[in-house]
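Everything below concerns the one structure shown next.
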Amino acid sequence: MNKGKQLIFKEIDRLGPGFRAISLAIGAKPELGHEEFFASELLGEELLRLGFSLERGVLDMPTSFIAEYDSGKPGPLIGLLCEYDALPEIGHACGHHLICSMSIAAAAGLKAAMTAGAIGGRIRVYGTPAEETRGAKVPMSEAGLFDDCDLALMAHPYHTFEQSGQSLAMDALQFEYAGKAAHAAANPHEGINALDAVLQLFSSVNALRQQTRSDARLHGIIDSGGKAPNIIPDYASAKFYIRSASRAYTNELTAKVIRCAEGAALQTGCTLKVSNYELSYDELMTNETLSSQFNANLLAAGIAPDQIESGKDNGSLDLGNVSVRCPAIHPYIKVVRERLLLHTEAFRDAAMEDYALDGMLFGAKMLAATAFDVCADSALLARIREEFAQAVRR
Ligand SMILES: [Zn+2]
Ligand SMILES: [Zn+2]
Numbered sequence: 006m007n008k009g010k011q012l013i014f015k016e017i018d019r020l021g022p023g024f025r026a027i028s029l030a031i032g033a034k035p036e037l038g039h040e041e042f043f044a045s046e047l048l049g050e051e052l053l054r055l056g057f058s059l060e061r062g063v064l065d066m067p068t069s070f071i072a073e074y075d076s077g078k079p080g081p082l083i084g085l086l087c088e089y090d091a092l093p094e095i096g097h098a099c100g101h102h103l104i105c106s107m108s109i110a111a112a113a114g115l116k117a118a119m120t121a122g123a124i125g126g127r128i129r130v131y132g133t134p135a136e137e138t139r140g141a142k143v144p145m146s147e148a149g150l151f152d153d154c155d156l157a158l159m160a161h162p163y164h165t166f167e168q169s170g171q172s173l174a175m176d177a178l179q180f181e182y183a184g185k186a187a188h189a190a191a192n193p194h195e196g197i198n199a200l201d202a203v204l205q206l207f208s209s210v211n212a213l214r215q216q217t218r219s220d221a222r223l224h225g226i227i228d229s230g231g232k233a234p235n236i237i238p239d240y241a242s243a244k245f246y247i248r249s250a251s252r253a254y255t256n257e258l259t260a261k262v263i264r265c266a267e268g269a270a271l272q273t274g275c276t277l278k279v280s281n282y283e284l285s286y287d288e289l290m291t292n293e294t295l296s297s298q299f300n301a302n303l304l305a306a307g308i309a310p311d312q313i314e315s316g317k318d319n320g321s322l323d324l325g326n327v328s329v330r331c332p333a334i335h336p337y338i339k340v341v342r343e344r345l346l347l348h349t350e351a352f353r354d355a356a357m358e359d360y361a362l363d364g365m366l367f368g369a370k371m372l373a374a375t376a377f378d379v380c381a382d383s384a385l386l387a388r389i390r391e392e393f394a395q396a397v398r399r
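Okay, so the sequence shown: first residue is 6 according to my numbering, each after it adds one.
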């Protein structure tokens, strides 16, 4: 094996017990998005100990941070991303307590190769709160905080290895209709029915769905639909997610859904308020050159090709917004023995076992080895940049 990579793996093994302890501590103390005070404190302390500079509370988000190490020698800027938010009720059922220590372990390993002089470059670790809700990567991307990165890397825990794939661009829209209350039996003619507007909106969206591309996903709920059947509802509200494989097409779909909503207001005489109830996510654009390099490292580490599935994520990730700013990958790492689904209690419990902690450290080695390859091979970096430039132009 390459000497630089040997250094990386040795360093991650040496510091492994500390990273396992961090995952276990964060896993045992789940915190919701933008409230991850315990986790961000613990991770920040660790980065300081590892010799990184640390800025907390980036963009006025108290639980975010950016840590940096500069080797002083020329080379690429490697971004590694940490997530550490949990889910309501079920805690760390998405395994984010493994993601954060995996990325920091990767940073520590890569730093060892840099201090030994095997490669040059800089490492930046991003603490990105609230992946599950109001993803911090969205404002961080908009503020240009990833624009100078040569790569952005992270890996997500899962029940199998999966290549970095696609995720959908997404808008989250709320439609609120205001009408006029009236007794539904005594004087219905004096009322304006806000629930009718919501029902019209749903039937228009259902009709629209037939004229959309197969990658489109339009799904909504009625979160307010009146108070009693004998009162004409003067207020009704629906929330929708509008998704597709590209930001451009999602924008088109969102404009059409808004026209459906306006039509429903016109039909019923209601007034309409449209708002975004969550941040909009862009599609994940996997950099295939970088992704192949990550796969090559998996294969070199003894993972068989048939153990690596192809990426086909139909959800939406806030890493999407990062991936349109710099070359990025979001592969999945096997951390549980059987096929347990994310966001379940069974996955949460398994993600605290030794097997999962081993998977976390293995993922760290693979991320660091991939970053090492890019730092060591300027032709590879040039190919990654060229693919990114072409993908962004499309
Ligand atoms: Zn999740
Ligand atoms: Zn997740």
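We put the beta carbon where it would ideally sit given N, CA and C, even for glycine. Bear in mind the structure is a predicted one, so any value in this text is a computation, not a measurement.
Quiz item: For glutamate 314, which three-state DSSP category applies?
Solution: strand
Practice problem: Using alpha carbons as the reference points, say which of Ser28, Phe70, Leu258 and Ala243 lies closest to glycine 100. | Solution: Ser28
Quiz item: Whose CA, out of Tyr131, Leu347 and Ala212, lies closest to the CA of leucine 158?
Solution: Tyr131
Quiz prompt | As assigned by DSSP and simplified to three states, the class of aspartate 176 | solution = strand
Quiz item: For leucine 223, which of Val143, Leu213 and Cys331 has the nearest alpha-carbon?
Solution: Leu213
Quiz item: Are the beta-carbon atoms of methionine 107 and alanine 309 separated by less than 9 angstroms?
Solution: no
Self-check item: Extent of the continuous alpha helix (DSSP H) to which leucine 59 belongs
Solution: Counting along the chain, leucine 59 falls outside any alpha helix (DSSP H), though it belongs to the beta strand (DSSP E) covering 58-61.
Quiz item: Thinking just about the alpha-carbon of each residue, which of Ala177, His348 and Ile124 is nearest to the one in leucine 258?
Solution: Ala177
Practice problem: Label glycine 307 either buried or exposed according to how many other C-beta atoms from any shown protein chain fall within 10 Å of its C-beta, with 16 as the threshold for buried. | Solution: exposed
Quiz item: If we ignore side chains and look at the alpha-carbon of each, how far apart do leucine 206 and alanine 183 end up?
Solution: About 14 angstroms.
Quiz item: If we call anything under 9 angstroms between Cβ atoms a contact, is alanine 110 one with alanine 72?
Solution: no
Exercise. Please name the residue in Leu150, Ala189 and Phe377 whose C-alpha comes closest to that of leucine 13.
Key: The amino acid occupying residue 13 in the given sequence is isoleucine; leucine does not appear at that position. Closest option to isoleucine 13, Cα to Cα, is Phe377.
Quiz item: Does the distance from the CB of serine 172 to the CB of leucine 289 come in under 9 angstroms?
Solution: yes
Quiz item: Nearest CA to the CA of proline 144: which residue from Ala381, Thr291, Tyr286 and Met357?
Solution: Nearest of Ala381, Thr291, Tyr286 and Met357 to proline 144, Cα basis: Tyr286.
Quiz item: When we look at the beta-carbon of glycine 77 and count the other beta-carbons within 10 Å, is it buried (16 or more) or exposed?
Solution: Taking every protein chain shown into account, the CB of glycine 77 has fewer than 16 other CB atoms within 10 angstroms, so this residue is exposed.
Quiz item: Between glycine 231 and isoleucine 237, is the Cβ-Cβ spacing less than 9 angstroms?
Solution: yes
Exercise. Check whether the Cβ atoms of glutamate 136 and serine 315 sit closer than 9 angstroms, and answer yes or no.
Key: no
Practice problem: Below 8 angstroms on the Cβ atoms is my guess for serine 114 versus proline 35; work out the distance and round it to an integer in Å. | Solution: Inspection of the sequence shows that residue 114 is occupied by glycine rather than by serine. In fact, because the Cβ distance is near 27 angstroms, the residues do not count as touching under 8 angstroms.
Quiz item: So does the region 115-131 actually touch the region 268-278, counting three or more Cβ pairs closer than 8 angstroms?
Solution: no
Quiz prompt | 8 angstroms contact criterion, which serine 280 and isoleucine 334 should meet: CB distance rounded | solution = Wrong, their Cβ atoms sit about 33 angstroms apart, outside the cutoff.
Quiz item: Would phenylalanine 352 pass as a contact of alanine 91 if the rule is Cβ separation under 9 angstroms?
Solution: no
Quiz item: Assuming phenylalanine 393 contacts proline 336 under a Cβ cut-off of 8 angstroms, what Cβ separation, rounded to an integer in Å, is found between them?
Solution: Approximately 17 angstroms separates the beta-carbon atoms of phenylalanine 393 and proline 336; this is outside 8 angstroms, ruling out the contact.
Self-check item: Shell residues, 6 angstroms Cβ cut-off relative to heavy atoms of ligand 1
Solution: Going by the Cβ distance cut-off, the answer is Cys99, Glu137, Leu347 and His348.
Quiz item: Is there a Cβ from chain B that is less than 9 angstroms from the Cβ of leucine 86?
Solution: Absent from the structure: chain B. Only one protein chain is present.
Self-check item: Outcome for valine 262 when other beta-carbon atoms lying within 10 angstroms are tallied against a minimum of 16
Solution: buried
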